[in-house]
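Peer 1: Below is the structure I would like to discuss, written out as structure tokens.
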Amino acid sequence: MQTHLVFVYGTLRQGFSNHGLMHGARFLGAARTKESFALYCETIPYVCTKTRVSPIIGEVYEVDSALLAALDRLEEHPRWYERRPARILLNDSGQEMTAWCYFNDHPRGVLVPCGDFADAARASDRDVARVVAKGAGG
């Protein structure tokens with residue numbers, strides 16, 4: 127069985143809405159891209175290669191060909207996201223590897239300078255909580 131390494135940085139990460147699709151994948155660890163890219167977020171994240179801001183934070187998984195094909199369908203590769211190789215560094219060991227990553231060079235939304243979708247999601251949750259609290263008080 128052929129396997130592939132995939133770097134995920136958005137809703138496929140642990141704790142996010144599409145992580146269930148990673149069932150059967152082998153988690154290799156928390157990681158970041160070796161190169162800097164730009165992460166944008168408009169409910170879903172987009173990594174853009176045209177601008178260099180910071181390494182992108184995510185996770186690396188080993189997947190089989192069937193799961194890779196399912197991820198391609200989810201990401202609408204190559205129409206929406208484009209799956210391309212990226213150099214990745216595992217956080218724990220510093221091991222460098224090449225893994226597939228989904229890029230979109232026509233991003234939407236706001237720039238996330240730290241490169242971490244989880245930070246953007248937490249900020250969004252805080253904004254929602256602030257609006258709800260403000261509405262409840264008035």
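Every letter in the sequence shown is one number past the one before it in the working numbering, and letter 11, counting from 1, is 137. Glycine residues also receive a C-beta, built at the ideal position from the N, C-alpha and C atoms.
Three or more C-beta pairs closer than 8 Å, one from the segment 213–223 and one from the segment 189–202: is that the case here?
Peer 2: Flag = no, the segment 213–223 and the segment 189–202 do not touch.
Peer 1: Would V189 be called buried (16 or more neighbouring beta carbons within 10 Å of its own) or exposed?
Peer 2: buried
Peer 1: Identify whether F153 lies in helix, strand or coil by the three-state DSSP scheme.
Peer 2: strand
Peer 1: Which same chain residues end up closer than 6 Å to Y172 when comparing Cβ atoms and leaving out the 5 residues on each side of it in sequence?
Peer 2: Y166, N230, P233
Peer 1: Considering only DSSP beta bridges, list what C191 is partnered with.
Peer 2: Note on identity: in this sequence residue 191 is Ser, with Cys being the wrong assignment. Per DSSP, none; premise fails for S191.
Peer 1: Got a sec? Which residues, its chain only, sit under 8 Å from S143 by beta carbon, not counting five neighbours each side?
Peer 2: T137.
Peer 1: Less than 9 Å between the C-beta atoms of Q140 and E201, yes or no?
Peer 2: no
Peer 1: In whole angstroms, give me the CA-to-CA distance for R213 and K160.
Peer 2: In this structure, the straight-line span from the alpha carbon of R213 to that of K160 is close to 5 Å.
Peer 1: Determine whether the beta carbon atoms of E168 and G241 lie at a separation below 9 Å.
Peer 2: no
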